[in-house]
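Going down the list, the protein sequences come from chains A and B. Under my numbering, residues 624 to 771 are what the first sequence spells out, in order. Under my numbering, residues 624 to 771 are what the second sequence spells out, in order. Glycine included, each C-beta is placed from N, C-alpha and C at the ideal position. Just so we're clear, the structure is a prediction, and the values are computed from it rather than from any experiment. This report concerns only the one structure given below.
Protein chains: 2
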Amino acid sequence: MDVEKVIKTEKEIPLKSRTIIHFMLVNTKIKETISTQLKPYGISLQQFNVLRILRGQNGKPANLSTLNGRMVTKMSNTTRLVDKLLLKGYVNRQTCPSNRRKIEITITEQGNRQLEKMDKAMKDAEVKILENLSHKELEQLNILFDKF
Amino acid sequence: MDVEKVIKTEKEIPLKSRTIIHFMLVNTKIKETISTQLKPYGISLQQFNVLRILRGQNGKPANLSTLNGRMVTKMSNTTRLVDKLLLKGYVNRQTCPSNRRKIEITITEQGNRQLEKMDKAMKDAEVKILENLSHKELEQLNILFDKF
DNA sequence: AACATATATTTGTATATACAATTGTTGTTA
DNA sequence: TAACAACAATTGTATATACAAATATATGTT
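What follows is the structure, encoded as structure tokens:
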């Protein structure tokens, strides 16, 4: 990570600012790696996460607000995201019979098959991203992240 | 940071996945805090960064590719970003006389004045974001980030 | 000079994201 | 039961982001 290139922008960067900038640079790199890995499947990280959440439901349907609450980055726009998955044939959507305000979403057989392949791609991305970090360092990071 | 809420999505999350998800959650929180702080000034984080870069030039104009290279998150779309700043009267833009392919961008007096106010807002955001981290922990984080 | 190549920016298009307003449904209560 | 609040999803709008294609200018080669 070449923080200096960005940071030279101003003369002296206090530690706090440096940390934030550094954080964002790493985040950009992570996102790039992940989207590169997912690209062959024509799916975005958000869409991938929704599929994972649906699989985690074990057949039990999820409604939109559940999805939104569990997503890593909220997008307030889950409707349109699910639209895309629907077009790809990865999910089913139907209004909940007991409460017609709710929409029930489930993952399809095809969605599950694709997701298995994407899992592997995602795992590769994670390995690539974290290749220089030891188990101990990962634990350290998680402890530090908890303080945010 | 409530990682568990998002993480319960699947039964067992390996440390690597957990780290990535945790990272993104913190990133979301950081972005939210910053944009809340900048909101009164009607400026996005990207636009703020461009202004900071321009100030760092000390009057020397910057062209678009310089800006793009120094920005924390690249956007390949610096033209339109500068358009917005132009509309607000925070920057000047003129084609470089010696190389007419280039566009020279400088910060205006008004831009500088606004930027000073935004600096304070940004500093407040940083304090808020990092309030639970000690100096030592910030240093630790930066060391870990370098490994990405 | 004519041509190809490299550089710098702009434009077009598609998707992602944030936020506010709207629609439709359910539950409550005067 | 009519009115209203609460809830769940959708739609509209603006901006952000990514990527490819197009435009304009400069440089190097024959």
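Cβ pair residue i, residue j closer than 7 Å
i: V705/B; j: I728/B; result: yes
i: R716/B; j: L709/B; result: yes
i: I666/B; j: R693/B; result: no
i: L674/B; j: L738/B; result: yes
i: G682/A; j: V714/A; result: no
i: L668/A; j: I657/A; result: yes
i: D747/B; j: Q680/B; result: no
i: T701/A; j: N691/A; result: yes
i: F771/A; j: V750/B; result: no
i: M741/A; j: Y664/A; result: yes
i: I726/A; j: T718/A; result: yes
For residue i, the three-state DSSP class (helix, strand or coil)
i: N765/B; result: helix
i: V695/A; result: coil
i: E655/B; result: helix
i: E754/A; result: coil
i: T731/A; result: coil
i: N715/A; result: strand
i: I636/A; result: coil
i: I643/A; result: helix
i: I676/B; result: helix
Partner residues on chain A for residue i, Cβ-Cβ distance less than 7 Å
i: E732/B; result: Simply none; closest approach about 19 Å.
i: I644/B; result: V695
C-beta neighbour in chain A for residue i, strict 7 Å
i: E754/B; result: no
i: T651/B; result: yes
i: K770/B; result: yes
i: E749/B; result: yes
CB contact below 7 Å: residue i versus chain B
i: K639/A; result: yes
i: E727/A; result: no
i: M647/A; result: yes
i: L767/A; result: yes
i: L761/A; result: yes
i: L764/A; result: yes
Contact list for residue i against chain B, beta-carbon separation under 8 Å
i: E739/A; result: Result: empty, since nearest Cβ-Cβ is about 13 Å, beyond 8 Å.
### Message
Within 8 Å, do at least three Cβ pairs link the region 757–766 of chain B to the region 748–768 of chain A?
### Response
Yes: at least three Cβ pairs fall under 8 Å.
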